[in-house]
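What follows is a single structure, written as structure tokens, with notes after it.
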Amino acid sequence: MTKQTFLHDKHVKLGARMVDFAGWHMPVQYTSIIEEHNTVRNNVGLFDVSHMGEVIVKGEDALPFLNKLVPQDLTKLVERKAIYCQMTNKSGGIIDDLIIYKIENEKYLIIFNASRIDEDLNWMVRNKNGFNVDVINESHNYSLLAVQGPKACDLMKSIGLEDLPPFFSIKRAELFNVNLWVSRTGYTGEDGVEILVRNEFSEMLWDKILEAGKDLGIKPIGLGARDTLRLEAALHLYGNDLDEDTTPVEAGLAWSVAKDKLDDYNGKEVIMEQLKTGGRKKLIGLKMLDKGIARHGYEVYDKDKKIGVITSGGISPVRGENIALAYIDNNPDYKLDSIIGVMIRDKIHNAQIIKKPFVNKRNKTEV
Amino acid sequence: MNESALCSKTHEYVLELQNNQYEVGITDYAIEQLGDIVFVELPEVGSVFEKNEVFATIESVKAASEVYMPISGKVIEINESIVDSPESLNDESVEDKWFIKIESEADQVEFADLLDYSDYKEEIE
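As structure tokens, this is what we get:
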């Protein structure tokens, strides 16, 4: 059965077009994807991302347990800070990408993708042997709201959050007499926060934020614009750009992988080797030179030789161009400015390799 | 859209202009369902299509869709304005949303599965 967030009725009343996404009945757009996209780039938008999974890991072995699951070094993570991670299998393939927050010693909060929560929990249970740790799925208790855009922080200040947590940090806060968690994170490439609140307060909070943001031009934003925003920011979408046959190095996430981590972790051998030699494939950014949109699954060619596949593609409202992410053979001949072909409806369309992200991220100003 | 047009179940419409000449496009319902339209590819003037053959492609932000000929015919004119500004299809103030004009020898049989606009409306609701 399709699940609904606690804000489902709000979306329907706002006239959203609802779709099934990862087993959830979610708003894909309220008015127009492009309009919603531009609202987040220019002003501020409010997202219901309550479908995402929230898991608490606690116990005396919480740190060594989590450190075994990801190529990042969690021994360096301090309290109330967050880190973007990938959970890897024994071959270095990505089971999910996630954000780990250190709430306090021996207690971590993890945000998983909705589409992967079952695999995530199974994998954690399979790796739990010998660790004194509790893995608690809290997904059904919490709603997650994202407030994103250049005016997001002004909005949060106006509703009483005077001291915003720094970039990639989380803090306990009280808003409208409700205790909740606010983190300076998001998946749009813009500044903003994500608010983790118990389900029973989510509707109140949704209404209050929309009301308070009126003068700033706030709009509710659907999953359609969430996708175009994250693509412009070249942020990966699990299932499109990441899967169990793709390593963090191949996915262009080597920057996030610890180079000097002492602890062993799943897939360490493969990943450390690939840090030296590169992977079997590499993730590149493309802009279309010919008219047409490259979409997930379309093949990529060098003349008549197939060299890869598009993983995400669409329009970039900010650039006014069509952009895409693709995996291609890890061949040094394919570099920035190279022209390659994308097969769209049986015809090769020229595309050029360009740097990622496709737009400048503006969320790191207050690190 | 012109309510005297006939509609297909795949959301194209055909409107008779004069003897053997027709205008072909997609229904207002199809446009609404597609959301933001960002790309339209039309055939060349002179192309000939069978009924139910793909003659155009539309890309919305979310997906690519193919557009089928509601009846057979030969393209005599294309609407360049929707190729140049695909977003005009989403603009309620714009009237000219037709895709192509065709010459057609289509007989009764080809029209048999097309619906009056009012029946079409009922069908989609």
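As given, the protein sequences belong to chains A and B, one line each in that order.
Just so you know, we're using the working numbering here: the first sequence kicks off at 4 and counts up by one.
Just so you know, we're using the working numbering here: the second sequence kicks off at 3 and counts up by one.
Every residue, glycine too, gets a C-beta built ideally from N, C-alpha and C.
All figures in this text were calculated on a predicted structure; none of them were measured in a lab.
Beta-carbon of residue i versus every beta-carbon of chain B: anything under 7 Å?
i         : result
Ile296(A) : yes
Ile351(A) : no
Ile318(A) : yes
Lys359(A) : no
I'd like the span of the beta strand (DSSP E) that includes residue i, first residue to last.
i         : result
Phe41(B)  : 39-43
Thr78(A)  : That residue, Thr78(A), is in no beta strand (DSSP E); it is neither H nor E in DSSP.
Ser132(B) : As displayed, chain B neither begins before 3 nor continues past 127, which places residue 132(B) out of reach and without an answer.
Gly300(A) : From DSSP, Gly300(A) is part of no beta strand (DSSP E); its letter is neither H nor E.
Thr12(B)  : Note, Thr12(B): premise wrong, no beta strand (DSSP E); not H, not E.
Met291(A) : 284-291
Ser315(A) : 308-319
Phe24(A)  : 20-24
Lys350(A) : 350-357
Met29(A)  : 27-32
Is the CB of residue i under 7 Å away from at least one CB in chain A?
i        : result
Val56(B) : no
Leu8(B)  : no
Glu46(B) : no
I need the boundaries of the alpha helix (DSSP H) containing residue i, first residue and last residue.
i         : result
Ile126(B) : 119-126
Asn41(A)  : 36-45
Trp209(A) : 205-215
Asn70(A)  : 65-72
Asn125(A) : 120-129
Thr59(B)  : Here Thr59(B) belongs to no alpha helix (DSSP H); instead the beta strand (DSSP E) covers 56-62.
Met275(A) : 271-280
Gly227(A) : 226-235
Are the CB atoms of residue j and residue i within a distance shorter than 7 Å?
i         : j         : result
Phe24(A)  : Leu226(A) : yes
Leu234(A) : Gly317(A) : yes
Pro8(A)   : Ser53(A)  : The sequence given here places Thr at residue 8(A); Pro does not occur at that position. The answer is yes: Cβ separation under 7 Å.
Val69(B)  : Ala58(B)  : yes
Ile296(A) : Glu61(B)  : yes
Ala149(A) : Gly192(A) : no
Glu141(A) : Lys105(A) : no
Asp38(B)  : Ser35(A)  : yes
Tyr268(A) : Lys71(A)  : yes
Lys103(B) : Leu91(B)  : no
Gly95(A)  : Val260(A) : no
Val42(B)  : Ile78(B)  : no
Leu44(B)  : Leu116(B) : no
Gly281(A) : Gly152(A) : no
Asn243(A) : Ser315(A) : yes
Glu14(B)  : Pro88(B)  : no
Ile114(A) : Met55(A)  : yes
Gly48(B)  : Phe101(B) : no
Val136(A) : Phe68(A)  : yes
Taking only beta-carbon positions, decide if residue i is within less than 7 Å of chain E.
i         : result
Ile331(A) : Looking at the structure shown, chain E is missing, and the protein chains on hand are A and B.
Am I right that residue i and residue j are in contact with their C-beta atoms under 8 Å? What's the rounded C-beta distance?
i         : j         : result
Tyr301(A) : Ile313(A) : 4 Å
Asp332(A) : Lys279(A) : At roughly 18 Å, the Cβ-Cβ gap does not stay under 8 Å, so Asp332(A) and Lys279(A) are not in contact.
Ile310(A) : Ile343(A) : 7 Å
Phe375(A) : Arg322(A) : Residue 375(A) falls outside the range modelled here, since chain A spans only 4 to 370, and no answer is possible.
Ser186(A) : Pro168(A) : 6 Å
Ile102(A) : Thr91(A)  : Rounded, the Cβ-Cβ distance is 16 Å, inconsistent with contact.
Tyr111(A) : Ala65(A)  : 6 Å
Pro223(A) : Tyr33(A)  : 5 Å
Asn46(A)  : Gly220(A) : 4 Å
Met291(A) : His352(A) : 6 Å
Gly270(A) : Lys13(A)  : With 8 Å as the limit, Gly270(A) and Lys13(A) do not qualify as a contact, their Cβ atoms being about 41 Å apart.
Ser74(B)  : Asn22(B)  : Not really, about 12 Å apart at Cβ, beyond 8 Å.
Ser161(A) : Ala237(A) : 31 Å between Cβ atoms; not a contact.
His40(A)  : Leu232(A) : 6 Å
Arg129(A) : Tyr241(A) : Contact flag wrong, Cβ pair sits at about 19 Å.
- Of all the residues that make up the segment 14-44 of chain B, which are near chain A by a beta-carbon distance shorter than 7 Å? Residues passing the 7 Å Cβ filter: Gly37, Asp38, Val40, Phe41.
- Query: What residues in the segment 57-74 of chain B have a beta carbon less than 7 Å from any beta carbon of chain A?
  - Reply: Thr59, Glu61, Val63, Lys64, Ala66
- Query: Using a beta-carbon distance cut-off of less than 7 Å, what residues from the segment 27-54 of chain A approach chain B?
  - Reply: Gln32, Ser35, Ile36, Ile37
- Task: Compile a chain-ordered list of the residues in the segment 115-129 of chain A whose CB is closer than 9 Å to at least one CB of chain B.
- Result: none
- Message: Closer than 9 Å between beta carbons: that is the criterion. Which residues of the segment 231-260 of chain A meet it against chain B?
- Response: Thr231
- Item | Residues of the segment 328-348 of chain A with Cβ closer than 7 Å to any Cβ of chain B, in chain order | Answer set for the segment 328-348 of chain A: Arg348.
- Query: Taking Cβ-Cβ distances below 7 Å as the criterion, which residues of the segment 217-229 of chain A are in contact with chain B?
  - Reply: Gly227
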